[in-house]
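Asks: Each residue of the sequence shown is one higher than the one before, counting from 0 in numbering that gives the first Met the number 0. For glycine and all other residues, C-beta sits at the position ideal for the given N, C-alpha and C. Attaching a single structure in structure tokens format; questions to follow.
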Amino acid sequence: MKNPVEHFHALRLDELKTALEANNFEVWIADTAIQAKEIVINEIIPRSTPKTIAWGGSMTFIDSGIEAAIKTLDGPTVIDKNEPGISKEEKAERVKAAMTAELYFTGTNAVTEKGQLVNLDMIGNRVGALTFGPREVVVLMGQNKLVPDLDSAMDRIREYAAPVNAMRLDMKTPCTKTGRCMNCNSPARICNTWTITEKSFPPKRVKVILIRRDLGL
Ligand code: SF4
Numbered sequence: 000m001k002n003p004v005e006h007f008h009a010l011r012l013d014e015l016k017t018a019l020e021a022n023n024f025e026v027w028i029a030d031t032a033i034q035a036k037e038i039v040i041n042e043i044i045p046r047s048t049p050k051t052i053a054w055g056g057s058m059t060f061i062d063s064g065i066e067a068a069i070k071t072l073d074g075p076t077v078i079d080k081n082e083p084g085i086s087k088e089e090k091a092e093r094v095k096a097a098m099t100a101e102l103y104f105t106g107t108n109a110v111t112e113k114g115q116l117v118n119l120d121m122i123g124n125r126v127g128a129l130t131f132g133p134r135e136v137v138v139l140m141g142q143n144k145l146v147p148d149l150d151s152a153m154d155r156i157r158e159y160a161a162p163v164n165a166m167r168l169d170m171k172t173p174c175t176k177t178g179r180c181m182n183c184n185s186p187a188r189i190c191n192t193w194t195i196t197e198k199s200f201p202p203k204r205v206k207v208i209l210i211r212r213d214l215g216l
């Protein structure tokens, strides 16, 4: 066999697609981040015809070029909370407006083999939008986010994703010094609200693009 590692991950993502679909998520598999962008631009957005588009923190959303491509679209209003030069107040307003966008993009911290999305948020806007508000949500997921079960999902997030995210954001939290979660009481703590999304309700409201690459944290 030529590419056993790729073959291994491909099999796992095929299984995961079946599990997610059984949980009423709509699912695509993309070979690359660029292909994920094509699915978004050529399939999801034309079918959804959203009047407003917003997103939560997702490195994959930016690195795949989806953010840049969306900003060039004619038609939908883009709610960009990170637009350079906007005031703190305007940013807060846009974060709130994003909660009722017609189409919302986010990453996910982990996904179990049973097809459950597991996330931990600082402010709660990302998991809030995933749970309720936007008419449709697109979740972008690299193959590195797949874990066996809920315990391993929470371990992955606490022991890896959260400390590295705190480092990426230059947070003044103990984990940025120790590389370990210290379950801190820091005012800058980024770990405040857990969500487990067991199923999509209504069916297909939440769409997941599984990408056969290691992406994001
Ligand atoms: S709880 Fe605190 S120490 Fe633990 S990962 Fe989150 S921010 Fe870091």
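What is the DSSP secondary structure of residue 145, counted as helix, strand or coil?
Replies: Taking the first residue of the sequence shown as position 1, residue 145 is located at position 146. Three-state DSSP puts residue 145 in a strand.
Asks: Can you tell me whether residue 209 is buried or exposed? The criterion is at least 16 other CB atoms within 10 Å of its CB, across all chains shown.
Replies: Here residue 209 refers to the residue found at position 210 when the sequence shown is read from its first residue. It counts as buried.
Asks: Any heavy atom of the ligand SF4 closer than 7 Å to the Cβ of residue 165?
Replies: The residue given as residue 165 occupies position 166 in the sequence shown. It does: the Cβ of residue 165 is within 7 Å (strictly closer) of some heavy atom of the ligand SF4.
Asks: Assuming residue 102 and residue 47 form a contact by the criterion Cβ under 8 Å, report the distance between their Cβ atoms to the nearest whole angstrom.
Replies: Within the sequence shown, numbered from 1, the residue matching residue 102 stands at position 103. Within the sequence shown, numbered from 1, the residue matching residue 47 stands at position 48. Contact holds; Cβ gap of about 5 Å.
Asks: Output the boundary residues of the alpha helix (DSSP H) element that contains residue 192.
Replies: If you number the sequence shown from 1, residue 192 lands on position 193. Taken as a continuous stretch (DSSP letters only), residue 192 belongs to no alpha helix (DSSP H), being part of the beta strand (DSSP E) at 192 to 196.
Asks: By Cβ distance below 6 Å, which residues in the same chain neighbour residue 216 in space, the five residues on each side in sequence not counted?
Replies: As a position in the sequence shown, residue 216 is number 217, starting the count at 1. So the qualifying residues of the chain are 160, 163, 164.
Asks: Residues near the ligand SAH, CB to any non-hydrogen atom under 6 Å, in chain order?
Replies: Looking for the ligand SAH in the displayed structure turns up nothing; the ligands present are the ligand SF4.
Asks: Can you pull the DSSP bridge partners for residue 136?
Replies: Residue numbering aside, residue 136 sits at position 137 when the sequence shown is read from its first letter. According to DSSP, residue 136 bridges with 103, 205.
Asks: As a quick exercise: from 158, 156, 188, pick the residue whose alpha carbon is nearest that of residue 171.
Replies: Translated into positions along the sequence shown, residue 171 becomes position 172. Comparing Cα-Cα distances from residue 171 to each of 158, 156, 188, the minimum goes to 188.
Asks: To the nearest angstrom, report how far apart residue 23 and residue 10 are at their CA atoms.
Replies: Locating residue 23 in the sequence shown gives position 24, where the first residue counts as 1. Locating residue 10 in the sequence shown gives position 11, where the first residue counts as 1. For residue 23 and residue 10, the distance between alpha carbons rounds to 20 Å.
Asks: Might you give, ordered along the chain, the residues of its own chain that have their beta carbon closer than 6 Å to the beta carbon of residue 97, omitting 5 neighbours on each side?
Replies: Along the sequence shown, read from residue 1 onward, the residue named residue 97 stands at position 98. Excluding sequence neighbours, residue 97 sits near 53, 78.
Asks: My parser needs the alpha helix (DSSP H) runs of 4 or more residues fully inside the segment 62 to 131; what are they?
Replies: With a minimum length of 4 residues, the unbroken runs of alpha helix (DSSP H) contained wholly in the segment 62 to 131 fall at 65 to 70, 87 to 97, 124 to 130.
Asks: Which of the three DSSP states, helix, strand or coil, is assigned to residue 187?
Replies: As a first step, residue 187 must be located in the sequence shown, where it is residue number 188. Three-state result, residue 187: coil.
Asks: By the DSSP assignment, the alpha helix (DSSP H) with residue 40 in it spans what residues?
Replies: Position 41 of the sequence shown, counted from the first residue, corresponds to residue 40. Looking at the DSSP string, residue 40 is not in any alpha helix (DSSP H), and its letter there is neither H nor E.
Asks: Among the residues of its own chain, which have a CB less than 7 Å from the CB of residue 8, if the five just before and after it don't count?
Replies: What you label residue 8 is simply residue 9 of the sequence shown in a count that begins at 1. Once the five neighbours on either side are set aside, the close Cβ partners of residue 8 are 142, 211.
Asks: Is DSSP giving residue 177 helix, strand or coil here?
Replies: Reading the sequence shown from its first residue, position 178 is the one you call residue 177. When DSSP states are grouped into helix, strand and coil, residue 177 belongs to the helix group.
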